[in-house]
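Just below is one structure, and these are the notes that go with it.
Numbering (this note's numbering), first residue to last: 58 to 379.
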């Protein structure tokens, strides 16, 4: 036997072994959605993944990944549990589970979608995965701070990212012209996809700006922001899943207030006389109140906590009393 023939036989042997592994591995043995759900939960538990992008449990993460990968409604698991998954779909499903388990890629990036309440958004690694307490607060239009949502005619979503909160604001305030601002051109490309998806081009304007720099003389009834607010120490301790997100959308200096300081210092100049500023700061309430001991912050209650979002009226902001 010649060397080339030996090499060819060796390659065929390797391929045969690989084929046999696939035939006897999860691709062959896992047939139903129920089978794959059990497999995914086990893989995620063994790899100790971190769930922090829209779900809080390994089971919910596995269900989301499997249902979205199969183009099934993510809120209706039970009717599909015993459905058989064709072999060609199993290949992609296994790859997605492994990417989530080994590479720690958030499910939202793998399936390129995320949800805030009933609203679906396209996401990819150009933007952070949507998650905000404002999704709950906008359900009633921020009442009682805004008494009648229909009276809001201009609103600003500062640090819009994927545009998710701008879309929610457009629905909460049907008479408002919404301006959505981000420093990242990449993020605004994703926001454009979501604005287009909801048919809101006439209501939402996307602006690239370093906070207020490119907003000219505009004034708003409401400035809402879910800005970067992760401290340097917290950035160093983030689970691997968050490393896939743009650092500029998370990191905000030693005390997490780099952008918040600018918002507080300059917001009054961009608000109407009765306008309000609402800002999400995560677990940084103590840092905010320490940095601004003289400001009368009001902290809004949500299902996730009572000290994640503050509100200030224009008259209470620096320069707002004039």
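Ideal placement from N, C-alpha and C gives every residue a C-beta, glycine not left out.
Check the Cα spacing between residue 297 and each of 108, 103, 93 and 142: the tightest is with 108.
Excluding sequence positions up to five before and after residue 334, its CB lies within less than 6 angstroms of the CB of 280, 324 and 369, all in the same chain and listed in chain order. Assignment of residue 212 by DSSP, reduced to helix, strand and coil, places it in the strand class. Comparing C-alpha distances from residue 312 to each of 328, 234, 346 and 229 shows the shortest one belongs to 346.
Secondary structure of residue 221 (DSSP, three-state): helix. Counting the other Cβ atoms within 10 Å of the Cβ of residue 197 gives fewer than 16, which makes it exposed.
Residues of the same chain with a CB within less than 7 angstroms of the CB of residue 111, apart from the 5 flanking positions on each side, are 165, 171, 172, 186 and 188 in chain order. Judged by DSSP secondary structure, residue 166 falls within the alpha helix (DSSP H) whose first and last residues are 164-168. Rounded to the nearest angstrom, the Cβ distance from residue 118 to residue 179 is 19 angstroms, too far for a contact under 8 angstroms.
The beta carbon of residue 342 lies closer than 7 angstroms to those of 356 and 364 in the same chain, with the five residues before and after it left out.
In this model, residue 275 and residue 98 are separated by some 50 angstroms (Cα to Cα). Within the model, the alpha-carbon separation for residue 258 versus residue 351 is close to 40 angstroms.
Per DSSP, the continuous beta strand (DSSP E) segment holding residue 356 begins and ends at 355-359. With a threshold of 16 other beta carbon atoms within 10 Å, residue 302 meets it and is buried. Within 10 angstroms of the beta-carbon of residue 376 lie fewer than 16 other beta-carbons, which makes it exposed.
In chain order, 108 place their CB closer than 7 angstroms to the CB of residue 114, counting only its own chain and leaving out the 5 sequence neighbours on each side. If you draw a straight line from the Cα of residue 320 to the Cα of residue 105, it comes to about 38 angstroms. Where residue 195 is concerned, there is no enclosing alpha helix (DSSP H), because DSSP gives it neither an H nor an E. In this structure, residue 238 sits away from residue 199, with a CB-CB distance that is not shorter than 8 angstroms. Distance between residue 261 and residue 231, taken at the CA atoms: about 11 angstroms.
Under DSSP, residue 262 forms a beta bridge with 236. Taking one beta carbon from each stretch, the segment 127-145 and the segment 213-225 have fewer than 3 pairs nearer than 8 angstroms; the two do not touch. Pairing residue 192 with residue 360, the inter-Cα distance amounts to about 11 angstroms. Here residue 337 is buried, its C-beta having at least 16 other C-beta atoms within 10 Å. About 6 angstroms separates the beta carbons of residue 229 and residue 206, which is inside the 8 angstroms limit, making them a contact pair.
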